[in-house]
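Next comes the structure, spelled out in structure tokens:
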């Protein structure tokens with residue numbers, strides 16, 4: 137396995153639901169990571185966030201994709217939420233005043249020692265504890 141990366145929820149939505157200029161960039165990132173054997177780390181929070189709108193709208197195809205995301209994203213590693221992640225998330229929330237879900241994703245990435253946190257959320261760029269790349 138090569139390096140570890142983390143993709144924010146907004147990138148999965150862009151990729152699977154399309155409709156934005158970001159989707160092609162995410163597609164390239166996923167293809168490259170698959171070819172390079174790059175581990176894509178994720179928090180279980182990702183599944184919850186992804187499923188809300190499809191469940192509300194009864195969009196069965198997206199429910200199936202998001203509910204079985206590891207079957208659709210090569211080298212996806214869903215890691216457990218831990219007390220360490222909770223503490224790091226609290227520190228990030230105290231320091232940057234970001235929303236709790238963002239802090240949980242960032243804390244998971246930091247705890248798992250990923251090399252790059254990819255997002256389309258420019259508000260996350262201010263975080264210095266991990267390398268953030270805006271797509």
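Residue numbers (the working numbering): 137 to 271.
Quick reminder that beta carbons are idealized off the backbone N, C-alpha and C, glycines included.
CA nearest to the CA of residue i, picked from the options
i: residue 204; options: 267, 257 and 148; result: 148
i: residue 140; options: 200, 212, 180 and 201; result: 212
i: residue 215; options: 150, 152 and 249; result: 249
i: residue 162; options: 255, 263 and 201; result: 255
i: residue 179; options: 232, 251, 243 and 171; result: 243
Coil, strand or helix - residue i by DSSP
i: residue 266; result: coil
i: residue 253; result: strand
i: residue 211; result: coil
i: residue 234; result: coil
i: residue 141; result: strand
i: residue 271; result: coil
i: residue 218; result: coil
i: residue 227; result: helix
The ligand SAH heavy atom lying under 7 angstroms from the CB of residue i
i: residue 257; result: With respect to the ligand SAH, the structure offers nothing, as it holds no ligand at all.
Distance between beta carbons of residue j and residue i, contact taken as under 8 angstroms
i: residue 77; j: residue 142; result: Missing from the structure shown is residue 77; the chain here goes from 137 to 271 and no further.
i: residue 225; j: residue 240; result: 5 angstroms
i: residue 146; j: residue 238; result: No, residue 146 and residue 238 are not in contact; Cβ-Cβ is about 10 angstroms, not under 8 angstroms.
i: residue 174; j: residue 138; result: 5 angstroms
i: residue 246; j: residue 266; result: 5 angstroms
4 or more residues per run - each alpha helix (DSSP H) lying fully within the stretch 150-197: Whole alpha helix (DSSP H) segments, 4+ residues: 158-171 and 181-193.
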